[in-house]
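Comments concern the structure below.
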Amino acid sequence: MANDPTTNQKNSKESIESSKTDNTVNIKRNFCLLPKYISSINLMQFVEISPLNPINKPHPRSGHRAIATESDFWIWGGYYPSTDSQQQCMFNELWRFNYALRQWTLETTTGDGPDLTLASHSMCLYRQLIFVFGGTGFPFGQNVSNELYILDLKRRHWKRCPLLNQQPEQVYGASMIVKNDHLYILCGTNRWSYNSNVYDIHLPTLVCKQIGYTFDEIEDFNENGRYRQEIYLYDNRIFLFGGGGSSGISFSLENLPAFDLTTETWSFVHTNPDPIHNFPQARKFHSIFPFRKNQILMFGGAYFDQTTGYHVPTSGHLWILDFEKLEWSMLQSLTMLKSTYFHAAAMNERGEIWTHGGVVHDSIENNNNNNNRENRTTTLYKMHSRVLNLSEISWNYFLNCLSDRTSLIKQPQLMSQLHIPSRFIERIH
Numbered sequence: 001m002a003n004d005p006t007t008n009q010k011n012s013k014e015s016i017e018s019s020k021t022d023n024t025v026n027i028k029r030n031f032c033l034l035p036k037y038i039s040s041i042n043l044m045q046f047v048e049i050s051p052l053n054p055i056n057k058p059h060p061r062s063g064h065r066a067i068a069t070e071s072d073f074w075i076w077g078g079y080y081p082s083t084d085s086q087q088q089c090m091f092n093e094l095w096r097f098n099y100a101l102r103q104w105t106l107e108t109t110t111g112d113g114p115d116l117t118l119a120s121h122s123m124c125l126y127r128q129l130i131f132v133f134g135g136t137g138f139p140f141g142q143n144v145s146n147e148l149y150i151l152d153l154k155r156r157h158w159k160r161c162p163l164l165n166q167q168p169e170q171v172y173g174a175s176m177i178v179k180n181d182h183l184y185i186l187c188g189t190n191r192w193s194y195n196s197n198v199y200d201i202h203l204p205t206l207v208c209k210q211i212g213y214t215f216d217e218i219e220d221f222n223e224n225g226r227y228r229q230e231i232y233l234y235d236n237r238i239f240l241f242g243g244g245g246s247s248g249i250s251f252s253l254e255n256l257p258a259f260d261l262t263t264e265t266w267s268f269v270h271t272n273p274d275p276i277h278n279f280p281q282a283r284k285f286h287s288i289f290p291f292r293k294n295q296i297l298m299f300g301g302a303y304f305d306q307t308t309g310y311h312v313p314t315s316g317h318l319w320i321l322d323f324e325k326l327e328w329s330m331l332q333s334l335t336m337l338k339s340t341y342f343h344a345a346a347m348n349e350r351g352e353i354w355t356h357g358g359v360v361h362d363s364i365e366n367n368n369n370n371n372n373r374e375n376r377t378t379t380l381y382k383m384h385s386r387v388l389n390l391s392e393i394s395w396n397y398f399l400n401c402l403s404d405r406t407s408l409i410k411q412p413q414l415m416s417q418l419h420i421p422s423r424f425i426e427r428i429h
């Protein structure tokens, strides 16, 4: 009997389909997928993220800084105080936490980077470059920097950038922000004097020009200048949130200093309190991030208790300022898991806020007296400030179904065989 072409085509098609099924089964077997994984994400809720390798992680620290890219959370520097068994440490370290692999990596860098001023520097992300300015070593104020460094994240290479025309003061606790091709540096201290100067660095030429000068504070006329404030650019004005002064004061959040980039002048902007909870506690060493349209989100920080002579963490509540209403709102049911200050925090483009380390106060009992003890941590937290799109939710579901995420590194071709989009595959490194 002659071969039936229809039968041959059918058999060939069945063979191909069977092969595809076998490949899918093999891929699933190689990935060791966990069945029936269910995960829920609550907006505005901090969750602790434990690295899958609990041994390989940064030492507890404070005073470090962070940035967040699409695939990783990066921290640089930091300080750990001396104990009975260990001398104080200044960390000349670059750590990277990969979101997908859920693991820390201590990166090796090359080039001319900061080596003595590794705490309370200012840091920001520009494209795939990290800008680092200023900072101090220990003892605080003994070594203070006014150098600008650039770290190329792709090459892990440092470069010192000599500035032209003018040089900012040597400070730590300054703030930085990038707008177009301009890098703005504001405020800071060398421990003995505080300022609220503003410097404009034109990035293509590295020409630096002072465009703003220290203003007179309205809360305490003996206090001028700030450090460890937070800043936000809105309507071509840079707003200052809190910060500390020479006496230990933490500046209030009722009247916000604002620097107008058009007129190059300072002014104060009065805000309105939460109708029930009034204004947020004055603070420094805190964090703010953009939240929805025309709003910022604030959490963390500390204030100085003049009676005890110690810093006290603010409450763990989250606060929102609406720039259109100039009104504060406290999110009463949402708090940090642990009130923290001198932490490092950053937000990626998906609206995920990551925060690491910092100082926490642990209650201890001593001779029937309750005291608070400062401790540095290495805990990592994440919060979703907005809803992820469906592809991101699917990607997270896939990752959480894996029994061994290192298989993504060991067998990267399997992700392509599963037709996972390249933008997700590129996050694995």
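Each residue of the sequence shown is one higher than the last, beginning at 1 in full-length UniProt numbering.
Note that the Cβ used here is the ideal one computed from N, Cα and C, for glycine as well.
Note that the coordinates shown come from a computational prediction; the quantities given were computed from them, not determined experimentally.
Given 6 Å as the limit, tell me if residue i has its C-beta closer than that to any heavy atom belonging to the ligand SAM.
i	result
Asp404	Summarising the ligand content, the structure contains no ligands, and the ligand SAM is consequently not present.
Rounded to the nearest angstrom, what separates residue i and residue j at their Cα positions?
i	j	result
Gln45	Tyr381	10 Å
Lys154	Thr110	12 Å
Pro412	Phe398	15 Å
Lys57	Phe221	45 Å
His64	Gly173	11 Å
His384	Glu223	37 Å
Phe133	Cys124	9 Å
Ala346	Phe73	8 Å
Glu70	Asn53	21 Å
Trp104	Asn375	21 Å
Ile420	Arg96	24 Å
Pro275	His286	23 Å
Asp322	Thr271	9 Å
Arg427	Ser339	31 Å
Ser422	Trp395	12 Å
Phe131	Ile185	11 Å
Arg405	Phe299	32 Å
Thr307	Leu253	22 Å
Ile320	Lys410	43 Å
Val144	Arg102	35 Å
Tyr213	Glu264	9 Å
Glu392	Ala100	11 Å
Going by the CB atoms, is the gap between residue j and residue i shorter than 7 Å?
i	j	result
Thr335	Val360	no
Pro273	Trp328	yes
Tyr149	Pro114	yes
Ile353	Phe291	no
Arg237	Asp216	no
Tyr341	Gly301	yes
Gln167	Asn146	yes
Leu151	Leu206	no
Ile177	Leu233	yes
Leu183	Ile201	yes
Gly358	Ser62	yes
Leaving out the 5 sequence neighbours to the left and right, which residues in its chain are closer than 8 Å to residue i when beta-carbon positions are compared?
i	result
Asn366	For Asn366, the predicted structure reports a pLDDT of 49, less than 50, and the residue's modelled location is therefore unreliable. A value from the coordinates is still provided. Result list for Asn366: empty, nothing under 8 Å.
Phe268	Ile218, Asn255, Leu256, Pro257 and Ala258
Tyr303	Ser250, Gln281, Ala282, Arg283, Lys284, His311, Val312 and Thr314
Gln170	Gly134, Val144, Ser145, Asn146 and Asn190
Asn165	Val207, Cys208 and Lys209
Pro51	Lys57, Phe97, Arg102, Gln103, Trp104 and Leu380
Please go through the same chain and pick out, in chain order, the residues whose beta-carbon is closer than 7 Å to the beta-carbon of residue i, but skip the five residues on each side of it.
i	result
Glu324	Asn294
Arg226	Cys187, Tyr194, Ser196, Leu240, Gly243, Gly244, Gly245 and Phe251
Met415	Leu408 and Ile425
Leu90	The sequence given here has Met at residue 90, not Leu. Around Met90: Tyr79, Leu118, Ala119, Gly137 and Phe138.
Asp181	His202, Leu203 and Pro204
Thr108	Arg156
Pro60	Tyr80, Gly357, Arg376, Thr377 and Thr378
Thr262	Asn236
Can you check DSSP and say which residues form a bridge with residue i?
i	result
Ile296	Pro290 and Leu321
Gln142	Partner(s): none; Gln142 has no beta bridge.
Trp95	Ile75 and Leu106
Arg191	DSSP output for Arg191 lists no bridge partner at all.
Asp362	Arg373
Whole-angstrom Cβ separation of residue i and residue j, contact assumed at under 8 Å?
i	j	result
Asn348	Ala68	4 Å
Ala344	Ile75	5 Å
Ser175	Glu230	7 Å
Residues in the same chain with beta-carbon distance under 6 Å from residue i, minus the five sequence neighbours each way, listed in chain order, please.
i	result
Gly351	Ser385 and Arg386
His157	Thr110 and Gly111
Gln128	Leu153 and Lys154
His317	Met330 and Thr335
Gly248	Phe304
Leu116	Gly137 and Asn143
residue 434	Because residue 434 is not part of the residues shown, which for the chain are 1 to 429, the question remains open.
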